Every structure is written in structure tokens, then in C-alpha cells.
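Novice: Have a look at this one.
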Amino acid sequence: MNDYAAIAKKMLSTARFEHSLRVADCAAALARRLGADESKAYECGLLHDIMKDSPLAFQLQTIAKTDIILTSVELRNPGLIHAVAGEAFMRAELGIDDPELLNAVRYHTTGRAAMSLLEKIIYIADYISDDRTYNGVDEMRRLAGESLEAAMLFALKFTIGKLISRQTVIHTDSVECYNELVSALPAGEKEKPKDIQQGSRP
Numbered sequence: 569m570n571d572y573a574a575i576a577k578k579m580l581s582t583a584r585f586e587h588s589l590r591v592a593d594c595a596a597a598l599a600r601r602l603g604a605d606e607s608k609a610y611e612c613g614l615l616h617d618i619m620k621d622s623p624l625a626f627q628l629q630t631i632a633k634t635d636i637i638l639t640s641v642e643l644r645n646p647g648l649i650h651a652v653a654g655e656a657f658m659r660a661e662l663g664i665d666d667p668e669l670l671n672a673v674r675y676h677t678t679g680r681a682a683m684s685l686l687e688k689i690i691y692i693a694d695y696i697s698d699d700r701t702y703n704g705v706d707e708m709r710r711l712a713g714e715s716l717e718a719a720m721l722f723a724l725k726f727t728i729g730k731l732i733s734r735q736t737v738i739h740t741d742s743v744e745c746y747n748e749l750v751s752a753l754p755a756g757e758k759e760k761p762k763d764i765q766q767g768s769r770p
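The sequence shown: position 68 = 636 (this note's numbering), numbered continuously.
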């Protein structure tokens, strides 16, 4: 059995590795509750930030080993590249070819339209793992206990709002994810949870 924890520990800072362990635990718990594959959820949690502490040059070199082509938005916002590089590392270095695992890692930062259950689990676990302390995390956890979609909509409002305040380009995947979630709301049913004060995830 592949020891992804050992690989993550080697590639990440102590703080990032501890975060990844907590995301893995949170993802496995969500998977258990929602009937998803716990093993896959745990593995994705361990690997979701596998490239985040690596130099950008190494991230780009790893992506170049695959057929992945970065978008113009990703190239303008290097903070998004680690997720894409994570997929590339899983493919090129770990030999992982399960699209469910690969997509869960690739889209854990931006989200996208038509996300699988596992993708949603990793996206939310990254926001609500028990090491998170940003303003609004309790509301996020409450929503995640009721509906992943409600929690995702809340998260996207937070992220998109932060990007707008910084005049930073917004990935089209995030916009499409937001639009899909809003479009799925029943007519007249628009939940208005407490606003998240501006902060950031580690």
C-alpha cells in the first residue's frame, strides 16, 4: 500500500503536513456520513496540498511532464497552480490514474461545475478541518453538517468576495461553480447566513 502520509510529510512543512492530516480526517468523516469512499477521501486529503510548499519552478516542471495546460487565469495567479501541480504530481510521480482522485485534488481550490461528491468533500474539508480558525468557520461547519452545496455556496461567496476586494482575477471554474449552485436553489429560497469577515485560509 502506498504511504501517502510519508510522502506528504517529506514534501510539506510541519504546519502544512498537520493541516493535510486534519483535512484527511475531516474528509474521511464526511465521506462516512455521505456514503462516499472513505479511503479515497482520506488519500485526497493527504495529497490535496502536496505541491503547495514546492517552488513554483518545480510545480511548473511537474506539470510539464503531463498533458495539462495551464489557463491564462492560473498563469496570472500562481496561488492556483499548486492544485494543478498536485494532480500532475499524482499522475507523473505516484502513478495515480483514478480521475476521481485526480479531479478532487485539482479542483479543491477553485471548485468547478458538475463536481463529484468526492470533489465536494475535499473542497469543503479544506475549509472546515479542525485546524481552521477564520471568522465564519463555525457557520461553515454548521452548513456542511446540513448540505455540502450550502457550505460550498457560502465558501464561494467568501472566496470570490475576497478576490474582488483585492482586484484579483477570478477563475472561471469558480464562477461556473457558483452559478450552478445558485441556479439550483429553489425559487425564493436564498439562505442568508452570517457574513464571513475577510480573512484567509492558510
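Cβ atoms here follow ideal geometry from the backbone N, Cα and C, with glycine treated the same way. Being a predicted model, the structure only gives us computed values, none of them experimental.
Taking the CB atoms as reference points, tell me whether Glu655 and Val641 lie closer together than 8 Å.
Specialist: Contact flag unset, no.
Novice: Quick one: Cα of Ala632 to Cα of Phe626, how far?
Specialist: Taking the straight line joining both Cα atoms gives about 10 Å.
Novice: Would you kindly check if the distance between the Cβ of Ile728 and the Cβ of Tyr702 is under 8 Å?
Specialist: The answer is no: Cβ separation not under 8 Å.
Novice: For the candidate residues Leu648, Thr736, Leu731, Val750, whose alpha-carbon lies nearest to that of Leu624?
Specialist: The shortest C-alpha separation from Leu624 is found at Leu648.
Novice: Do you know whose CA, among Ala681, Leu711, Arg600, lies nearest Tyr695's CA?
Specialist: Cα-wise, what sits closest to Tyr695 is Leu711.
Novice: Only counting the same chain, and skipping five residues up and downstream in sequence, which positions put a Cβ closer than 6 Å to that of Ala596?
Specialist: Taken in chain order, the residues that qualify are Glu606, Ala609, Tyr610.
Novice: Identify the continuous alpha helix (DSSP H) that holds Lys620 and give its terminal residues.
Specialist: Taken as a continuous stretch (DSSP letters only), Lys620 belongs to no alpha helix (DSSP H), as it is neither H nor E.
Novice: Do you know offhand how far Ala660's Cα is from Pro667's?
Specialist: Each residue's Cα considered, the two are about 14 Å apart.
Novice: Is Glu717 closer than 8 Å to Ala752 when the C-beta atoms are compared?
Specialist: Cβ distance < 8 Å, so Ala752 and Glu717 count as in contact.
Novice: Taking only runs of the alpha helix (DSSP H) that begin and end inside the segment 703-739, which ones reach a length of at least 4 residues, in chain order?
Specialist: Runs found: 705-714, 716-733.
Novice: Using 7 Å as the cut-off, classify the Cβ of Glu714 as near or not near the heavy atoms of the ligand GTP, replying yes or no.
Specialist: Absent from the structure shown: the ligand GTP. Ligands present: none.
Novice: Could you give the distance in angstroms between the alpha-carbon of Gly704 and the alpha-carbon of Val591?
Specialist: One C-alpha to the other measures close to 18 Å.
Novice: Could you tell me how far apart the beta carbons of Arg584 and Lys620 are, in whole angstroms, since I believe they sit closer than 8 Å?
Specialist: Contact holds; Cβ gap of about 6 Å.
Novice: Skipping 5 residues on each side, what residues in its chain have a beta carbon closer than 6 Å to that of Ser588?
Specialist: Closer than 6 Å at Cβ, skipping near neighbours: Ala576, Leu614, Asp617.
Novice: DSSP on Ile692, reduced to helix/strand/coil?
Specialist: Of the three classes helix, strand and coil, the one that applies to Ile692 here is helix, per DSSP.
Novice: Mind reading off the beta-carbon distance from Leu749 to Met720? Whole number of angstroms is fine, and I expect it under 8 Å.
Specialist: Contact flag correct, Cβ pair sits at about 6 Å.
Novice: What residues in its chain sit with their C-beta under 7 Å from that of Met708, if we drop five residues either side in the sequence?
Specialist: For Met708, where only same-chain residues beyond five positions count, the Cβ hits under 7 Å are Tyr695, Ile696, Ala719, Phe722, Ala723.
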